[in-house]
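Student: Below are the structure tokens for one structure; questions will follow.
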Amino acid sequence: MREPEKHPLFQLPQNRQVKIWRFMDFTKFVALLESRNLFFSRADLLGDPFEGSISVKAHELRKAEARRIGREFQGIDTAVVTLAGFGDRLWDSLDADTYMQRWTSEWMSISCWHMNEVESAAMWQLYASSGNGVAIQSTYQRLREALPDDVYIGEVKYICYKNDNLDLSNSFSPFMSKRESFSHERELRAIHSSPPSHKRVNPSTGQEERFSAHDVRNSEAGKSFRVDLNQLVERVHISPLVQHWYADLVRSVAQKYGLHAEIKQSDLDEKPIF
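Have a look at this one:
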């Protein structure tokens with residue numbers, strides 16, 4: 040069993056066997072079986088406008104730092120002042136920070152999981168409300184074993200974006216924090232950072248040279264990782280909103296693609312006793 044990675048921003052679950060859930064519709068489930076790739080979405084495409092943003096307090100501290108830098112450059116001809124990594128363009132430091140934060144969001148790929156020992160009715164409603172959904176149930180340890188070492192995994196921290204600070208010394212920090220209103224999600228995140236290299240080969244000289252990669256935009260929707268589904272998936276739970284024939288279809292498709300995990304109807308489908 041591989042030792043989990045050590046990273047100050049990635050708080051690992053105390054129970055390494057904690058159950059984790061990923062809810063999806065049937066078409067995404069089939070795509071997962073077909074490709075055997077776990078898809079990580081770009082952070083800026085996850086749908087939360089706060090994704091990758093910073094808190095008000097962190098912004099105020101950043102403005103204070105910008106003012107300090109401005110005082111240091113007083114009296115210096117701005118035509119000869121450039122910010123490292125931005126080529127020949129002149130940047131206001133705050134504009135540069137904002138640009139970099141948005142740029143970084145394009146190169147952070149994220150897979151989101153819900154931590155819970157039992158099924159969550161709320162999560163079914165949020166992520167599989169169409170009625171044709173399934174939930175893949177795994178564990179932290181299974182996910183860790185299924186992914187490469189350069190993928191970091193940890194519990195999301197829920198903060199108040201008006202009052203709490205964010206440590207901006209590490210680029211992962213804004214992506215491991217979410218608004219308190221999302222705390223019911225109890226999210227476990229797997230994150231991969233893949234910014235473009237700052238080196239390239241000059242076609243004229245054939246020599247490797249450094250350049251500013253901050254103009255390079257990400258044209259992909261995310262990143263996929265090849266996984267052993269029989270290692271990753273412990274069970275597949277079928278939406279409580281579907282007919283029983285749908286459960287048979289899910290079992291048939293899973294069998295066709297060689298998935299050995301238990302396929303079961305949602306526990307929320309049980310009938311009450313009066």
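When we follow this note's numbering, the leftmost residue of the sequence shown carries the number 40, and every step to the right adds one. Yeah, the Cβ is synthetic: ideal placement off N, Cα and C, and Gly gets one too. Here the structure is a predicted model, which means the values were calculated and not measured.
1) List the whole-angstrom C-beta distance separating Val266 from Arg55, where the pair is believed to meet the contact cut-off of C-beta under 8 Å.
2) Could you tell me which residues DSSP pairs with Trp152 in its beta bridges?
3) I'd like the span of the alpha helix (DSSP H) that includes Phe65, first residue to last.
4) If you count every other CB in all the chains shown that lies within 10 Å of the CB of Gln294, and 16 or more means buried, which is it?
5) Mark Lys310 as exposed unless 16 or more other C-beta atoms lie within 10 angstroms of its C-beta, in which case mark it buried.
6) Is it true that the CB of Phe62 sits closer than 7 Å to the CB of Met154?
7) Indicate the three-state DSSP secondary structure (helix, strand or coil) for Tyr285 in the structure shown.
8) Quickly, what does DSSP pair Arg218 with across the bridge? List them, please.
9) Less than 7 Å between the C-beta atoms of Ile93 and Leu205, yes or no?
10) For Val272, which option in Thr137, Trp284, Leu186 has the closest C-alpha, if you only look at C-alpha atoms?
11) When you compare only the Cα positions, how much space is there between Ile312 and Leu85?
12) Would you report the Cα separation of Ala300 and Ile175, rounded to the nearest angstrom?
13) DSSP on Ala293, reduced to helix/strand/coil?
14) By Cβ distance, which residues of its chain are closer than 8 Å to Ser233, with the 5 residues on each side in sequence left out?
15) How many whole angstroms separate the CB atoms of Glu219 and Cys199, which I take to be in contact at a CB cut-off of 8 Å?
16) Measure from the alpha carbon of Leu165 to the alpha carbon of each residue in Leu71, Ser278, Asp308, then state which is nearest.
17) What distance in whole Å lies between the Cβ atoms of Thr143 and Ser210, which are believed to be in contact at a cut-off of 8 Å?
18) In this structure, how does DSSP classify Gln304 when only helix, strand and coil are distinguished?
19) Over the uninterrupted alpha helix (DSSP H) stretch that includes Arg183, give me the two end residues.
20) As a quick exercise: from Asp134, Gln50, Lys45, pick the residue whose alpha carbon is nearest that of Gly193.
21) Which of helix, strand or coil does DSSP assign to His276?
22) Among the residues of its own chain, which have a CB less than 6 Å from the CB of Tyr296, if the five just before and after it don't count?
23) Which class does Ala118 belong to by DSSP, given the choice of helix, strand or coil?
24) Taking the alpha-carbon positions, what's the Ser222 to Tyr197 distance?
25) Let me know if Val119 comes out buried or exposed under the rule of 16 or more other beta-carbons within 10 Å of its beta-carbon.
26) Using the beta-carbon count (16 or more within 10 Å), is Gly245 buried or exposed?
27) Could you tell me which of Glu224, Leu207, Asn171, Arg141 sits nearest to Val69, measuring between CA atoms?
Tutor: In brief:
1) Position 227 of the sequence shown, counted from the first residue, corresponds to residue 266. Position 16 of the sequence shown, counted from the first residue, corresponds to residue 55. No, Val266 and Arg55 are not in contact; Cβ-Cβ is about 18 Å, not under 8 Å.
2) The count along the sequence shown starts at 1 and reaches residue 152 at position 113. Leu227, per the DSSP bridge assignment.
3) Translated into positions along the sequence shown, residue 65 becomes position 26. Unbroken alpha helix (DSSP H) run through Phe65: 65-74.
4) On the sequence shown, residue 294 is found 255 positions in, with the first residue counted as 1. Burial call: exposed.
5) Taking the sequence shown and counting its residues from 1, one reaches residue 310 at position 271. Exposed, because fewer than 16 other Cβ atoms sit within 10 Å of the Cβ of Lys310.
6) Counting from 1 along the sequence shown, the entry for residue 154 is found at position 115. Counting from 1 along the sequence shown, the entry for residue 62 is found at position 23. Not closer than 7 Å, so no.
7) As a working note, residue 285 is residue 246 in the sequence shown. Tyr285 falls in the helix class under three-state DSSP.
8) As a first step, residue 218 is located in the sequence shown; it is residue number 179 there, counting from the start. DSSP lists Ile198 as partners of Arg218.
9) As a first step, residue 93 must be located in the sequence shown, where it is residue number 54. As a first step, residue 205 must be located in the sequence shown, where it is residue number 166. For Ile93 and Leu205, yes; Cβs fall inside 7 Å.
10) Here residue 272 refers to the residue found at position 233 when the sequence shown is read from its first residue. It is Leu186.
11) The count along the sequence shown starts at 1 and reaches residue 312 at position 273. The count along the sequence shown starts at 1 and reaches residue 85 at position 46. Rounded to whole angstroms, Ile312 to Leu85 spans 40 Å at the Cα level.
12) Against the sequence shown, residue 300 aligns to sequence position 261. Against the sequence shown, residue 175 aligns to sequence position 136. In a straight line, the C-alpha of Ala300 is about 10 Å away from that of Ile175.
13) Within the sequence shown, the letter at position 254 stands for residue 293. Reduced to three states, the DSSP call for Ala293 is helix.
14) In the sequence shown, residue 233 corresponds to position 194, counting from 1. Only Trp146, Ser148, Lys262 meet the Cβ criterion.
15) To locate residue 219, count along the sequence shown from 1; it is residue 180. To locate residue 199, count along the sequence shown from 1; it is residue 160. Right, their Cβ atoms sit about 6 Å apart.
16) As a working note, residue 165 is residue 126 in the sequence shown. The shortest C-alpha separation from Leu165 is found at Ser278.
17) Working through the sequence shown from its first residue, we reach residue 210 at position 171. Working through the sequence shown from its first residue, we reach residue 143 at position 104. So it is a contact: roughly 6 Å between Cβ atoms.
18) The residue labelled residue 304 in the question sits at position 265 within the sequence shown. Residue state, collapsed to three classes: strand.
19) On the sequence shown, residue 183 is found 144 positions in, with the first residue counted as 1. Unbroken alpha helix (DSSP H) run through Arg183: 179-185.
20) Position 154 of the sequence shown, counted from the start, is the residue given in the question as residue 193. It is Gln50.
21) Reading the sequence shown from its first residue, position 237 is the one you call residue 276. Three-state DSSP puts His276 in a strand.
22) For the purposes of this step, residue 296 is taken as residue 257 along the sequence shown, with counting starting at 1. Answer for Tyr296: Leu72, listed in chain order.
23) As a position in the sequence shown, residue 118 is number 79, starting the count at 1. Confidence in Ala118 is poor, its pLDDT being 45 and thus under 50, which makes the residue's placement too unreliable to answer from.
24) Taking the first residue of the sequence shown as 1, we reach residue 222 at position 183. Taking the first residue of the sequence shown as 1, we reach residue 197 at position 158. One C-alpha to the other measures close to 6 Å.
25) The residue you call residue 119 lines up with position 80 of the sequence shown. The predicted position of Val119 is uncertain, since its pLDDT is 44 and thus under 50; no value can be drawn from it.
26) One-based indexing of the sequence shown puts residue 245 at position 206. Per the 10 Å Cβ criterion, exposed.
27) In the sequence shown, counting from the first residue as 1, residue 69 sits at position 30. Checked all of Glu224, Leu207, Asn171, Arg141; the closest Cα to Val69 is Asn171.
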